[in-house]
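J.:
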Amino acid sequence: MTIPLNIPGTLFRKAVKARAKLDEILFALIESRRRELRSGLNSGNQDLLSSLLTFKDEKGIPLTDKEILDNFSVMLHASYDTTVSPTVLILKLLASNPESYEKVVQEQLGILAGKKEGEEVNWKDLKAMPYTWQAIQETLRMYPPAFGMFRRAITDIHFEGYTIPKGWAIVWTTYSTNGREEYFNEPDKFKPSRFEEGKPLDPYTFIPFGAGVRICAGWEFAKTELLLFVHHFVKNFSGCIVIDPNEKISGDPFPPLPTSGQRMKLIPRS
Numbered sequence: 002m003t004i005p006l007n008i009p010g011t012l013f014r015k016a017v018k019a020r021a022k023l024d025e026i027l028f029a030l031i032e033s034r035r036r037e038l039r040s041g042l043n044s045g046n047q048d049l050l051s052s053l054l055t056f057k058d059e060k061g062i063p064l065t066d067k068e069i070l071d072n073f074s075v076m077l078h079a080s081y082d083t084t085v086s087p088t089v090l091i092l093k094l095l096a097s098n099p100e101s102y103e104k105v106v107q108e109q110l111g112i113l114a115g116k117k118e119g120e121e122v123n124w125k126d127l128k129a130m131p132y133t134w135q136a137i138q139e140t141l142r143m144y145p146p147a148f149g150m151f152r153r154a155i156t157d158i159h160f161e162g163y164t165i166p167k168g169w170a171i172v173w174t175t176y177s178t179n180g181r182e183e184y185f186n187e188p189d190k191f192k193p194s195r196f197e198e199g200k201p202l203d204p205y206t207f208i209p210f211g212a213g214v215r216i217c218a219g220w221e222f223a224k225t226e227l228l229l230f231v232h233h234f235v236k237n238f239s240g241c242i243v244i245d246p247n248e249k250i251s252g253d254p255f256p257p258l259p260t261s262g263q264r265m266k267l268i269p270r271s
C-alpha cells in the first residue's frame, strides 16, 4: 500500500510508470494480432485476445482499444497469481497429509483407468473429482490467493461496537473470514472433509474469490485449471517430497507463497 501521490521517488509514481510501459507492450501486441486477423493468419477464436478483437455487441459495435487493453490486462494479472499460489500450496498440503493425498490419487487413477491412450479429460471427468475439489477448496480456504476487496456501505452498519456510516468504503479480507474458528473448526488444520456434499457452509464464510453476484468472474476458470493441474500431476508423478516441510508461507505481498520457493522432489510415475 502507498499514498497515491504521482511525484518522483514515490512507489505510486513507479507503479504508474510501470503500468504505462506495460500498456505500451500490450498495445503493440494488440496491433500485431489485429494485422494477423486482417491477413487471415488468425481465425478470430484462437485465444482471448483474438476474441476481444473480433467481439461485437448486440448493435454490432466492436470494443475500443482501451476496452480491449483493460479486459486483456485484467485477465493477464488476475488469472496468474491466483492460480500459481494454490498450485504450489495444494502439493505442499497434500504431501504433508498422506491420507488426503492417497484419496486424491485413487480418485484420479480411477478416472485415468476409464480413459483410452491419449484421451483428454472432459467436463464429465471434472465432475467426477469431488474429493480433489474438496482438497482444493480447503487449500483456498487456508491460503486465499486474493487479499480481499473494497465495498461501499449502502446503509449504516453496526459491528462489534463500531458504527460504519452509510457511504463509507469498506475493506474486507478473505483470511479473516476463512480462518475464523466460529465458521471453521480447527481452522489451521487441513481438513478437506469440511467441503463434503451435504455439509452446507454458512453464506459468505468461504470467500477466496468473493461471493454472491459479484463473485470473481474467473472462479470457474480457476476451478477448472486447478482440477486439471492435480489430475495431470497424478497422471505423471507418483508422489512429491517437500524438501523443507517447515518452510514459512508468507502473504506479504499477496498471494501467499513459500518464502524460499518451496523446493520439492517429484517422483515420476513409471
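No gaps in the numbering here: position 210 of the sequence shown is 211 in my numbering, and each next residue is one more. Where a beta carbon is used, it is the ideal one built from N, C-alpha and C, also for glycine.
Is it buried or exposed for Leu113, if we count other Cβ within 10 angstroms and need 16 for buried?
T.: When all chains shown are included, Leu113 counts as exposed.
J.: Quick check: the region 138–151 against the region 171–183, are at least 3 beta-carbon pairs closer than 8 Å?
T.: The region 171–183, when compared against the region 138–151, does touch it at the 8 Å Cβ threshold.
J.: With respect to the alpha helix (DSSP H) encompassing Ser33, which residues constitute its N-terminal and C-terminal limits?
T.: Its alpha helix (DSSP H) spans residues 12–40.
J.: What does a CB cutoff of less than 7 Å around Leu95 pick up in its chain, not counting 5 residues either side in sequence?
T.: So the qualifying residues of the chain are Ser101, Tyr102, Val105, Ala136.
J.: Measure the Cβ-Cβ separation of Met143 and Phe191 and say whether it is below 9 Å.
T.: Cβ atoms of Met143 and Phe191: closer than 9 Å.
J.: So what does DSSP say about Met143, is it helix, strand or coil?
T.: Helix, per DSSP.
J.: Which whole-angstrom value is the C-beta distance of Thr226 and Thr84, which I expect to be below 8 Å?
T.: Thr is not the amino acid found at residue 226; the sequence shown has Glu there. Yes, Glu226 and Thr84 are in contact; Cβ-Cβ is about 5 Å, under 8 Å.
J.: For the candidate residues Gly119, Asp157, Leu27, whose alpha-carbon lies nearest to that of His78?
T.: Out of Gly119, Asp157, Leu27, Leu27 has the C-alpha closest to the C-alpha of His78.
J.: Lys236 and Gln107: beta carbons closer than 9 Å?
T.: No; because the gap between Cβ atoms is not below 9 Å, this pair is not in contact.
J.: Does the beta-carbon distance from Gly211 to Met76 come in below 9 Å?
T.: No, they are not a contact pair.
J.: Exposed or buried, Ser86, counting other C-beta atoms within 10 Å across all chains shown (16 or more means buried)?
T.: Ser86 comes out buried.
J.: Between the alpha carbons of Leu30 and Leu64, how many angstroms are there, rounded?
T.: Cα to Cα, Leu30 sits roughly 16 Å from Leu64.
J.: Ends of the alpha helix (DSSP H) at Pro269?
T.: Where Pro269 is concerned, there is no enclosing alpha helix (DSSP H), although the beta strand (DSSP E) it sits in stretches over 265–269.
J.: Would you kindly report the start and end of the unbroken alpha helix (DSSP H) that includes Ala170?
T.: Counting along the chain, Ala170 falls outside any alpha helix (DSSP H), though it belongs to the beta strand (DSSP E) covering 170–174.
J.: With Val243 and Ser33 assumed to form a contact (beta carbons below 8 Å), what rounded beta-carbon distance in angstroms separates them?
T.: Not confirmed; about 42 Å, so no contact.
J.: From what residue to what residue does the beta strand (DSSP E) around Ser239 run?
T.: Counting along the chain, the beta strand (DSSP E) containing Ser239 begins and ends at 238–243.
J.: Contact defined as beta carbons within less than 8 Å: I believe Phe230 pairs with Thr88. What is the distance between those atoms, to the nearest angstrom?
T.: So it is a contact: roughly 5 Å between Cβ atoms.
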